[in-house]
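1 is the number of the first residue of the sequence shown in full-length UniProt numbering; add one for each residue after it.
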Amino acid sequence: MLRLKQFVRPSVFRCLRPQFSAGALRYSTETPKKPTEGGVDGSATSAASGSEVEVLKEQVAKKDKEISELKDQFLRQVADYRNLEKRVERETKQARDFALQKLAKDLLESLDNLERALEIVPEEMRNDTKNHSELAELYKGLSMTEEILMKTLNKHGLKRYDGVGEHFNPNLHEAVFFVPVPDKEPNTVFHCESKGFDLNGRVIRPAKVGVVKGPE
1 MLRLKQFVRP SVFRCLRPQF SAGALRYSTE TPKKPTEGGV DGSATSAASG
51 SEVEVLKEQV AKKDKEISEL KDQFLRQVAD YRNLEKRVER ETKQARDFAL
101 QKLAKDLLES LDNLERALEI VPEEMRNDTK NHSELAELYK GLSMTEEILM
151 KTLNKHGLKR YDGVGEHFNP NLHEAVFFVP VPDKEPNTVF HCESKGFDLN
201 GRVIRPAKVG VVKGPE
């Protein structure tokens, strides 16, 4: 048998070797680079997020404005209600005082007559149930009637006063006469002819009084 090397020269095998460069045969150990955050996808996402934030901010601002307007309307309505409540209360009080004032004026003459009837009874007979029992009982009954009536009127703000011992006040007193009185300070009320009445601080009838006259 003939040997193969006799027919094939070594140079033929050298021609069949792959022609690769040393750099092509080197395996790369570098990690593939990821797309940078500033790439096309990142920019689009950031733009979308920024747009959504702006929309949310506008919605929040709109809601805040609506809340502020509703709060303002609520406060105005509360203020209007309170003003109305105060006005109704004031008008109700005025109407009540007017009605009571009219009633009190109608009762003044009866109160004066009742007081005169009590004063006309001598003091020594007012409690003398032994010798003047009927008169004492009448006086007792009239006194109770006057007391109950005045308590009822006092509950509604009606008060009676005489002003004796006070300085003369033209807003409270009506001077019927002036006379000099020894040991009395001039311009002082020393006598009450008829008592005055005031309703909740408003004089509905001044007391008719005698006033100490000062030196001329």
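Note that beta-carbon positions come from the ideal geometry of N, C-alpha and C, so glycine has one too. Just so you know, these numbers come straight off a predicted model, no measurement behind them.
Short Cβ contact (9 angstroms threshold) for residue i with residue j
| i | j | result |
| --- | --- | --- |
| E185 | V164 | no |
| E146 | L114 | yes |
| G214 | V176 | no |
| L149 | L100 | no |
| A61 | L199 | no |
| residue 286 | R160 | Past the edges of the chain, shown from 1 to 216, lies residue 286, and the structure says nothing about it. |
| E216 | V189 | no |
Bridge partner(s) assigned by DSSP for residue i
| i | result |
| --- | --- |
| H132 | Answer is none; H132 lacks a bridge partner. |
| A207 | H173 |
| K159 | D198 |
Assigned secondary structure, residue i (DSSP; H/G/I helix, E/B strand, else coil)
| i | result |
| --- | --- |
| F178 | strand |
| K65 | helix |
| K195 | coil |
| V189 | strand |
| V78 | helix |
| V212 | strand |
| K71 | helix |
| L184 | In the sequence under discussion, the amino acid at residue 184 is Lys, which differs from the Leu named in the question. Correct three-state label for K184: coil. |
| A104 | helix |
| V40 | Low confidence applies to V40: its pLDDT is 48, below 50, so where it sits in the model is not reliable, and the reading given next is rough at best. The answer is helix: DSSP assigns V40 an H, G or I state. |
Contact test: residue i Cβ vs the ligand SAH heavy atom, cutoff 8 angstroms
| i | result |
| --- | --- |
| F168 | Judged by which ligands are present, the structure shown has none, so any question about the ligand SAH falls away. |
8 angstroms contact criterion, which residue i and residue j should meet: CB distance rounded
| i | j | result |
| --- | --- | --- |
| L142 | L111 | At roughly 12 angstroms, the Cβ-Cβ gap does not stay under 8 angstroms, so L142 and L111 are not in contact. |
| F168 | N187 | 5 angstroms |
| A207 | D162 | 6 angstroms |
Decide if the region 194-213 is in contact with the region 165-185; the criterion is three or more beta carbon pairs, one per stretch, under 8 angstroms apart.
yes
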